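*Asks:*
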Amino acid sequence: MRKRVFSGARPTGRQHIGNYVGAIQNYVALQDEYDCVYCIVDIHALTTLGNTESIREDTHEMVLDWLAAGIDPQRSIIFVQSHVPQVMELHTLFSMVTPLGWLLRVPTFKEKVKMQPDNVNYGLVGYPVLMTADIALYKGEVVPVGEDQLPHLELAREIVRRFNSLFGVVFPEPQAKLTNFPLVLGLDGVQKMSKSYDNHIEISASPQEVSKRVMTAVTDPARRYRSDPGHPEICNVFRLHNFFTEARVEEIGSECRSAGIGCVDCKKILAESINSNLKPFRERRASLASKPGYVGQVLADGADRAEAIAKDTIREVKERMKLLQRTDLERLR
Ligand code: SF4
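Going by the numbering used here, the sequence shown opens with residue 3, and the numbers climb by one from there.
1. Among Arg259, Ile263, Ala273, Leu66, which residue has its Cα nearest to the Cα of Phe246?
2. Could you have a look at Ile26 and say whether DSSP puts it in helix, strand or coil?
3. Locate the beta strand (DSSP E) running through Asp37, then write down its first and last residues.
4. In whole angstroms, what is the alpha-carbon distance linking Arg4 and Arg159?
5. If you draw a straight line from the alpha carbon of Ser206 to that of Glu285, how long is it in whole angstroms?
6. Report the three-state DSSP secondary structure of Val231 (helix, strand or coil).
7. When you compare the CB positions of Ala135 and Phe173, do they come within less than 8 Å of one another, or not?
8. Spatial neighbours of Thr14 within its chain, please: C-beta separation below 7 Å, excluding the five flanking residues on both sides.
9. Below 6 Å CB to CB, which residues in the same chain sit around Phe165 once its five sequence neighbours on both sides are set aside?
10. What runs of the beta strand (DSSP E), each 3 residues or longer, lie entirely inside the region 305 to 329?
11. Between the beta-carbon of Leu325 and the beta-carbon of Leu69, is there less than 8 Å?
12. Is Asp303 a contact residue of the ligand SF4, with contact defined as CB to any heavy atom under 7 Å?
13. Using CA coordinates, which residue listed in Phe240, Ile276, Pro231 is at the minimum distance from Arg259?
14. Report yes if the C-beta of Thr221 is less than 7 Å from at least one heavy atom of the ligand SF4; otherwise report no.
15. Using the beta-carbon count (16 or more within 10 Å), is Lys114 buried or exposed?
16. To the nearest angstrom, report how far apart Tyr40 and Tyr129 are at their CA atoms.
17. Reducing DSSP to helix, strand and coil, say where Pro223 ends up.
18. Quick check: what's the CA-CA separation for Glu120 versus Leu48?
19. Can you check which of these residues, His18, Val266, Pro282, Gly125, is closest to His46 by C-alpha distance?
20. Do Ala219 and Leu180 come within 8 Å of each other at the CB atom, strictly closer than that value?
21. Determine the direct distance from the alpha carbon of Ile236 to that of Val86, and round the result to whole angstroms.
22. State the start and end residues of the unbroken beta strand (DSSP E) segment that holds Phe8.
23. For the beta strand (DSSP E) that Pro209 lies in, which residues bound it at each end?
24. Taking Cys268 as the reference, give the member of Asn279, Ser278, Asn277, Ile254 with the closest Cα.
25. Is it buried or exposed for Ser292, if we count other Cβ within 10 angstroms and need 16 for buried?
26. What would DSSP say about Phe81, mapped onto helix, strand or coil?
27. When the distance is taken between beta carbons, is Val162 closer than 8 Å to Leu155?
28. DSSP puts Gln177 in a beta bridge; with which residues?
29. In whole angstroms, give me the CA-to-CA distance for Val127 and Lys116.
30. Ends of the alpha helix (DSSP H) at Phe245?
31. In the DSSP assignment, what residue or residues form a beta bridge with Leu187?
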């Protein structure tokens, strides 16, 4: 029997090439080995969002990108966190077995407090409990994580372990599937690629937009004239060639070092490579976007399938916690 993978991602709208070569391609590959549950965690987004104006649109655009990239709704469950309200229930029940000290020690909580001192909300403290509920509700056994997320997963394992020791084993302890998410720097060559830094290239961008964006990329700052030899190892355009122009990467590196190629031409090659890599994706996206209501159908079906699992889990949890369930009432009358 295949193990179940759970992974959640915040609704961040149209995805960029950093998301694509990291999380999305990994999501697609995991489908071959696992039963995958992929969730757009819109409630988590509320812990840091001041403005919720774009959540609906962002969710739609993100799911369209996921589907066009190859996440298959027949094989995987794709749904929106808030469409399965049982996660809020499990979050509350887990909050009763989670010592507050565990949550206050979480490094990302401390960072968020510094980043948003005027919005230290209760949800921010409880974030790891909700994350645990996300995974446990679907009895997720495997969670793909980067090394930086390991402490969060360890906390989830501790909460699950504590619940199991108090009430009997209901949940598997989720295992980390350490995934080498490549760090893709943005076009500024300094920050991680991100919409918020405006240093990104959207995977759904037109070929012209891709070329325009690539031309703005910062290169080796020591290379001021075309005749200066370059240092590809410190150039972010070169790093991007590693993902998109794999077959020619050595040639480009040595041409750069010998000043055989200029940065403008090098960027043109990169733009062409990104565009040819993304061509099938763009065609699929356009085709899916032309089907009225398609994303809605996928998410409705995903929510139904996810909720069926969630209802069973909640029933089992309440049974173990000895709560009087509505289904018991008949017997009481
Ligand atoms: Fe970077 Fe290419 Fe210019 Fe070399 S030639 S510095 S790899 S952009």
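The beta carbon of each residue, even a glycine, is placed where N, CA and C say it ideally should be. Computed from a prediction, not measured in an experiment: that's the story for all the values here.
*Replies:* In short, the structure shows the following:
1. For Phe246, the nearest C-alpha among the options comes from Ala273.
2. helix
3. 37 to 42
4. 21 Å
5. Here the C-alpha atom of Ser206 lies approximately 10 Å from the C-alpha atom of Glu285.
6. According to the sequence shown, residue 231 is Pro rather than Val. Three-state DSSP puts Pro231 in coil, outside helix and strand.
7. no
8. Within its own chain, the residues whose Cβ lies closer than 7 Å to the Cβ of Thr14, once the five positions on either side in sequence are excluded, are Asp60, Met64, Lys197, listed in chain order.
9. Closer than 6 Å at the Cβ level, and outside the excluded window around Phe165, lie Val99.
10. none
11. no
12. no
13. Pro231
14. yes
15. buried
16. Distance between the alpha carbons of Tyr40 and Tyr129: 18 Å.
17. coil
18. Note that residue 120 corresponds to Asp in the displayed sequence, not to Glu. Approximately 14 Å between the Cα atoms of the pair.
19. Gly125
20. no
21. 46 Å
22. 6 to 11
23. Where Pro209 is concerned, there is no enclosing beta strand (DSSP E), although the alpha helix (DSSP H) it sits in stretches over 209 to 217.
24. Ile254
25. exposed
26. strand
27. Judged by their CB atoms, Leu155 and Val162 are not nearer to each other than the 8 Å cut-off.
28. Val144
29. 13 Å
30. 238 to 246
31. Lys194
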